[in-house]
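Count the sequence shown with this note's numbering and you get residues 29 to 146, in order.
What follows is a set of notes on a single structure, which appears directly below.
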Amino acid sequence: MLKSFIDNFVDVYFHHYADFDGCLGRKQYWLAWLATVIIGLITGFIDGLLFWGLLPIFSTIAGLALLIPGIATGVRRLHDTGRSGLWYLLIFVPIIGSIILLVFFLLPRKEVDNKYLC
């Protein structure tokens, strides 16, 4: 289980670092999201121990390193549901945009009439 979790993270974030083409299934997306949360918690904990939370060096580095692949996974997940990656711009609409994206990310793959389907 842990090996497949790590393999998924490496595949999504390193092999497809800035890959905005193609699709990403629900399981792969949410496992990558979970890995991002875990990395954020670990780096935040380390920053808290070393710098009392005043200087978030490790959190900032991790956040910047995961920014592009995080956006790419969201775009590929939207493609999997048959939507354009431009829908990801909803992230800039406070609260409502995030809720709409969450709903889209939870939807199953669109098999019929999906021009993005891999």
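Don't be surprised by glycine CBs; every beta carbon is placed ideally from N, CA and C.
Kindly indicate the opening and closing residues of the alpha helix (DSSP H) around A90. Here the question's residue 90 lines up with position 62 in the sequence shown. Where A90 is concerned, the enclosing alpha helix (DSSP H) stretches over I85 to D108.
On a Cα-Cα basis, can you pick out the residue from D39, L82 and P136 that is closest to P97? For this step, residue 97 is matched to residue 69 along the sequence shown. Shortest Cα-Cα distance from P97 to any of D39, L82 and P136 involves D39.
May I ask you to report which of helix, strand or coil DSSP gives F42? Here residue 42 corresponds to residue number 14 of the sequence shown, with the count starting at 1. Of the three classes helix, strand and coil, the one that applies to F42 here is helix, per DSSP.
Does the Cβ-Cβ distance between T88 and A60 come in under 8 Å? Residue numbering aside, residue 88 sits at position 60 when the sequence shown is read from its first letter. Residue numbering aside, residue 60 sits at position 32 when the sequence shown is read from its first letter. For T88 and A60, no; Cβs fall outside 8 Å.
With respect to the alpha helix (DSSP H) encompassing L134, which residues constitute its N-terminal and C-terminal limits? By one-based count along the sequence shown, residue 134 stands at place 106. Membership of L134 in the alpha helix (DSSP H) is indicated by the continuous run I124 to L134.
If I'm right that W115 touches F132 with Cβ under 8 Å, what's the distance once you round it to whole angstroms? Here residue 115 refers to the residue found at position 87 when the sequence shown is read from its first residue. Here residue 132 refers to the residue found at position 104 when the sequence shown is read from its first residue. The C-beta distance from W115 to F132 rounds to 7 Å, short enough to fall under 8 Å.
Alpha carbon of F79 to alpha carbon of I124, nearest angstrom: In the sequence shown, the residue the question calls residue 79 occupies position 51. In the sequence shown, the residue the question calls residue 124 occupies position 96. Per the coordinates, the alpha-carbon of F79 lies some 35 Å from the alpha-carbon of I124.
What does the alpha-carbon distance come out to for the pair L82 and L94? For the purposes of this step, residue 82 is taken as the residue at position 54 of the sequence shown. For the purposes of this step, residue 94 is taken as the residue at position 66 of the sequence shown. Going by C-alpha positions, L82 is about 21 Å away from L94.
Taking just the CA atoms, how far does G72 sit from E13? Nothing about residue 13 can be reported from this structure: the residues present for the chain run from 29 to 146 only.
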